[in-house]
Amino acid sequence: MTRRRVGLAIAAVAVVSLLAGLAAGTVPLSLRDVVTGLWRGDTPASPIVRDLRAPRVLLAFCVGGSLAVCGAALQAMIRNPLAEPYLLGLSGGAGLGAVIAIATRATGPWAVPIAAFLGALGAVAMVYRLSLVAGRRLDPRVLLLSGVVVGTFAGALMSAIIVLSPSAGVRNAFLWLLGGFGAASWQALGVFAVYAVVPLGVIGLSARNLDLIALGEEPAHHLGADVDQTRRLIYLSTALLTAASVATSGIIGFVGLVVPHAVRTVARPLHRSLLPLAFVIGGSFLVLSDVVSRTVVRPLELPVGVITALVGVPLFALLLRRTLV
Amino acid sequence: MAAAFDSALAHLPAPAVGRRPKVLLLVWEQPPMTIGGGSFLNELVERAGGANLFADVASSAGTVSIEAVAARDPDLILTTTAGPATFMRRPEWQVVRAVRERRFLQVEGSEFNRPSPRAPAAIRELARRLREQA
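As structure tokens, this is what we get:
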């Protein structure tokens with residue numbers, strides 16, 4: 019396929035998934051209802067389309083895209099196919115923050131997301147400090163190991179608090195952490211966008227350096243890439259993006275690990291095109307997963323992370339068999 | 063104690079005849095989590111003369127969308143965590159009629175959170191407030 023055709027096909031996937039996200043739900047709407055509801059503010063469907071579904075679909079798209087971009091950048095930077103946003107201790111830190119907020123009965127609608135965000139940043143700071151070798155070099159192997167141990171430590175603290183806490187609400191922390199877009203709003207989308215713009219820009223501008231680092235540290239250095247600085251920038255950007263995702267939508271696994279691999283198996287491009295492709299595919303995949311999560315057991319919603327894994331794993335397994343075997 | 067409990071339950075006033083107000087049991091607001099049929103709060107609401115909006119949900123608790131709440135159009139929202147001010151501030155909740163009309167019952171205290179000998183008192187209190195809101 020030519021580049022132009024790939025671009026068109028991917029744009030079509032994005033548009034179809036966004037429209038499906040706007041039309042599907044507890045109250046099924048036709049395409050005409052969706053369009054008139056978006057266009058005019060006075061149809062019966064407009065509050066649902068404008069105030070509930072539009073922010074939800076856009077948030078799912080942005081979070082899915084960001085997680086996929088984080089995964090792609092980390093896999094190149096650490097040169098390990100298992101790298102993904104949650105491997106770096108973030109999920110443990112975020113979970114600990116959320117559980118502390120609930121166990122201490124912190125009030126206010128944003129208490130849990132803010133606590134999760136702070137917990138994730140705390141874990142990031144610890145992992146970052148542990149991984150700095152000789153003052154300022156970030157060693158990718160140490161980074162991976164520090165991520166795993168900090169995540170495990172935070173997870174153990176979280177379990178202890180859950181067992182010891184008298185608060186019945188702690189169970190809600192679990193449900194919240196499983197991820198979902200039930201709390202999506204224009205406000206949540208705005209908060210996410212504010213946090214996402216700079217890290218996404220930094221990762222995008224590092225595309226060429228990521229291509230070089232993927233070749234190996236030595237060649238990258240000889241070809242003029244500032245390996246140390248790129249690693250630091252990529253790590254901090256992915257950490258900030260992932261923490262913002264956790265704060266607005268809980269922990270959604272699988273997207274950051276698998277979408278970059280899936281995109282590479284089909285297109286094998288340079289990061290200049292891999293990163294935007296991963297963003298659009300990751301975003302569309304999460305929007306469609308969210309559609310399944312809110313329609314399959316109506317009126318309840320399944321955690322979207324359950325769907326990303328249940329639908330995504332078989333798809334990815336097929337893709338692997340077709341491309342590698 | 064069990065006998066005293068049974069007799070307290072038996073002496074509760076019978077719920078008013080007619081349409082039972084549909085009550086949304088909201089135990090968490092971001093994302094919205096509700097209580098299904100067959101759980102303690104469900105029984106509390108039914109004995110007080112209300113109908114649980116999500117009584118058809120088999121699991122004891124679960125996440126629902128604001129859209130699902132709006133579609134079922136509750137008469138009252140019983141919250142155990144956040145107060146009405148939290149919902150009034152959030153534009154996405156204005157889709158729900160009961161929120162726009164400020165029809166909330168905020169209950170606190172352990173008698174609403176778990177089964178206890180104080181359940182009859184909780185039912186009496188709830189029935190009184192359901193009648194007030196009706």
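Taken in order, these protein sequences are the chains called A and B. According to the numbering used here, the first sequence holds residues 19 to 343 in order. According to the numbering used here, the second sequence holds residues 63 to 196 in order. Glycine included, each C-beta is placed from N, C-alpha and C at the ideal position.
Query, Result
"Chain-order list of residues whose beta-carbon lies under 6 Å from that of residue 119 of chain A (same chain, five-residue window excluded)", "129, 130, 133"
"Three-pair Cβ contact test at 8 Å for the stretch 260-269 of chain A versus the stretch 195-202 of chain A", "yes"
"C-beta neighbour in chain A for residue 127 of chain B, strict 7 Å", "yes"
"Beta-bridge partners of residue 124 of chain B, as assigned by DSSP", "B:96"
"The alpha helix (DSSP H) enclosing residue 132 of chain A, as first and last residue numbers", "129-149"
"Among B:110, B:81, B:109, B:114, nearest to residue 89 of chain B - alpha-carbon criterion", "B:114"
"Residues that DSSP places opposite residue 139 of chain B in a beta bridge", "B:86, B:166"
"Distance CB(residue 158 of chain B)-CB(residue 126 of chain B) smaller than 7 Å", "no"
"Straight-line gap, residue 202 of chain A to residue 111 of chain B (C-alpha atoms, nearest Å)", "33 Å"
"Inter-residue Cα distance where the pair is residue 321 of chain A and residue 233 of chain A", "38 Å"
"Within 7 Å, strictly: CB atoms of residue 298 of chain A and residue 85 of chain A", "no"
"Cβ shell of residue 64 of chain A (< 7 Å), same chain only, five flanking positions each side left out", "55, 58"
"Endpoints, alpha helix (DSSP H) assigned at residue 57 of chain A", "49-57"
"Pairwise C-alpha distance: residue 117 of chain B and residue 220 of chain A", "49 Å"
"Proximity below 7 Å, CB of residue 319 of chain A to CB of residue 311 of chain A", "yes"
"Sequence-distant residues of the same chain with beta carbon closer than 7 Å to residue 31 of chain A, five excluded per side", "302"
"Buried or exposed by the 16-neighbour rule on C-beta atoms within 10 Å, applied to residue 154 of chain B", "buried"
"Contact set for residue 230 of chain A: own chain, Cβ-Cβ below 6 Å, skip 5 residues either direction", "238, 241, 243"
"Chain-ordered chain B contacts of residue 319 of chain A [CB-CB under 7 Å]", "125, 126, 127"
"Validate contact between the stretch 137-148 of chain A and the stretch 159-175 of chain A using beta carbons, cut 8 Å, 3 pairs", "yes"
"Whole-angstrom C-beta distance between residue 169 of chain B and residue 140 of chain B, which should lie under 8 Å", "6 Å"
"DSSP beta-bridge partners of residue 114 of chain B", "B:85"
"Residues that residue 23 of chain A bridges to, as DSSP identifies them", "Answer is none; residue 23 of chain A lacks a bridge partner."
"Start-to-end residues for the alpha helix (DSSP H) that takes in residue 166 of chain A", "158-182"
"Cβ of residue 46 of chain A within 7 Å of any chain B Cβ", "no"
"Under 7 Å between C-beta atoms of residue 315 of chain A and residue 38 of chain A", "no"
"For residue 200 of chain A and residue 70 of chain A, the rounded distance between their alpha carbons", "9 Å"
"Per-residue DSSP class, three states only, for residue 318 of chain A", "strand"
"Contact residues within the stretch 92-104 of chain B, judged by C-beta distance below 7 Å to chain E", "Among the protein chains in the structure shown, which are A and B, there is no chain E."
"Residue 117 of chain A beta carbon less than 7 Å from that of residue 176 of chain A", "yes"
"Under 8 Å (Cβ pairs) to chain B, residues found in the stretch 61-83 of chain A", "65, 66, 69, 70, 71, 73"
"Neighbourhood of residue 269 of chain A by C-beta distance below 8 Å, restricted to the same chain and skipping five residues each side", "104, 109, 112, 113, 195, 196, 197, 323"
"Whole-angstrom distance between residue 101 of chain B and residue 46 of chain A, CA atom to CA atom", "29 Å"
"Whole-Å CB distance - residue 169 of chain A paired with residue 141 of chain A, under 8 Å assumed", "7 Å"
"Beta carbon proximity, residue 157 of chain B to chain A, threshold 7 Å", "yes"
"Residue 116 of chain A: contacting residues in chain B (beta-carbon distance under 9 Å)", "Simply none; closest approach about 11 Å."
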